[in-house]
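Down below is the structure, laid out as structure tokens.
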DNA sequence: TGAAATGTTGGGGCG
DNA sequence: ACGCCCCAACATTTC
């Protein structure tokens, strides 16, 4: 074969199905699928430990899928632009295909790759597949980006349907010459901290795992999603977030699958609507990150730059490891540490606790989530932390302060979620499960709880913390 | 995609 | 019978 090959540069699109860049590369002839590990080009947000564990498993899965299609994954380490040029030269490739990413650092990387490839005479062919709608595509009537979710959502519903999905290529033509590849282990994605052993029990990374999770959710979760999703013990959410982050499934695949699903047509299709709305929040997060790229490290609402955050290493440590003495908060963090994931309702409560009860900067929380979440995603992480803090777009007002006890009684009424993740409290009756410090001594003794020996006392008193937060907020507003 | 404080209303106990 | 108080239950306002 003398036919020129092309490079397919995999990035946040680790799948064969609905991958327009891959499909185009396959149509063009021989394909060299490539993944480059280059955390140095992720700006301030190189993937954390949980993300790296997921990534190595996902790359293994992608390689398996490629091999079944008659190909294989080439792995490399080094600057993206120079590495791609070297691989292109080794394989005799003349065209570079890839799907766009939207993070600020990724766009810088993409610009460098594009410029250098073109200068070297390589044709560059980028595609859009990571979002339902391009951030530039949806704009308010004044041409300015949306800052309010409700309007963004309405615009999404009024827009034409997202593009249809494209099938996976069933056969990939191998190039005449494979470029050199680095063994997966040599990328050293696993930190060796034993995190992998825990995560392996909870997840099956890769395209097949994503498809299975979607099917499971469509069959058993979607119809009851609207009413069940807020109850963390009921496992009513899709758990698709890590798959989406790594592109093992695309938002278009999810959108169309939900729309096609029989449950979506019924009059009580609140489940489908509510779920697609969550997918729209992801779109909104990307919309904001693209239009306001500084928000990954700075508040969108500028007055929050003056907020009087505390600096308290002990409090941060207690929060990070689930020792705050508030059972629901600790349960959430422990679920995160054990599985790389946390139920969304609990994320809000845990985040609110850090920012409002402990008065610690949202960025510290964002960084901890970034390190430990398997679905760590810069757009969503940024939006949600700023939303909880009250310093972002369409954010909850700062004075909206979750009471972890009230939230526990409302969304974990029997305490099942707390019992699962804070086993030392498992035998406490529901009445005290969310506030063990208030339980009569006899009740505690009966179930072997000894404060603060077997479980900590609250690191802060709720009422005192609440008024401290409100004071800090008022001070920020006056320090004009 | 809050919670707490404050205000209002109405039933019932009681002198 | 009447006024008074207490206090749920609910609504409104404030943070």
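In my numbering, the protein residues as written are 391 to 870. Just so you know, even glycine gets a beta-carbon here, dropped at the ideal spot from N, CA and C. From a predicted model like this one, the values you see are computed outputs, not experimental measurements.
The straight-line gap separating the alpha-carbon atoms of residue 666 and residue 456 is approximately 30 Å. Residue 399 is bridged by DSSP to 424, 488. Per DSSP, the beta-bridge partners of residue 517 are 489. From the listed residues 643, 823, 422, the smallest Cα separation to residue 477 is found for 422. Per DSSP, residue 465 lies in no alpha helix (DSSP H); the unbroken beta strand (DSSP E) holding it starts and ends at 464-467.
In terms of Cβ geometry, residue 474 and residue 404 do not form a close pair [threshold 8 Å]. Taking C-beta atoms as the reference points, residue 783 and residue 629 fail to come closer than 8 Å. Note that the segment 560-573 does not touch the segment 710-730; fewer than 3 beta-carbon pairs, one per stretch, sit closer than 8 Å. In this structure, 719 is the residue among 532, 719, 552 with its C-alpha nearest to the C-alpha of residue 622. Runs of the alpha helix (DSSP H) lying entirely within the segment 570-611 and spanning at least 4 residues, in chain order: 585-592, 597-610. The residue among 745, 393, 831 with its C-alpha nearest the C-alpha of residue 564 is 393. The alpha-carbon separation between residue 749 and residue 755 amounts to approximately 11 Å. In the three-state DSSP reduction, residue 564 falls in the coil class, being neither helix nor strand. DSSP, read as helix, strand or coil, puts residue 483 in strand. Here the C-alpha atom of residue 704 lies approximately 10 Å from the C-alpha atom of residue 849. Annotation: residue 625 is outside any alpha helix (DSSP H) and is labelled neither H nor E by DSSP. In the three-state scheme derived from DSSP, where H, G and I count as helix and E and B as strand, residue 846 is classed as coil. In its chain, beyond the 5 residues on either side, 696 have a beta carbon closer than 7 Å to the beta carbon of residue 869. Looking only at 472, 493, 635, 531, the smallest Cα-Cα distance to residue 506 is reached by 472.
Counting C-beta pairs closer than 8 Å gives fewer than three between the segment 482-491 and the segment 580-591, which falls short of the contact rule.
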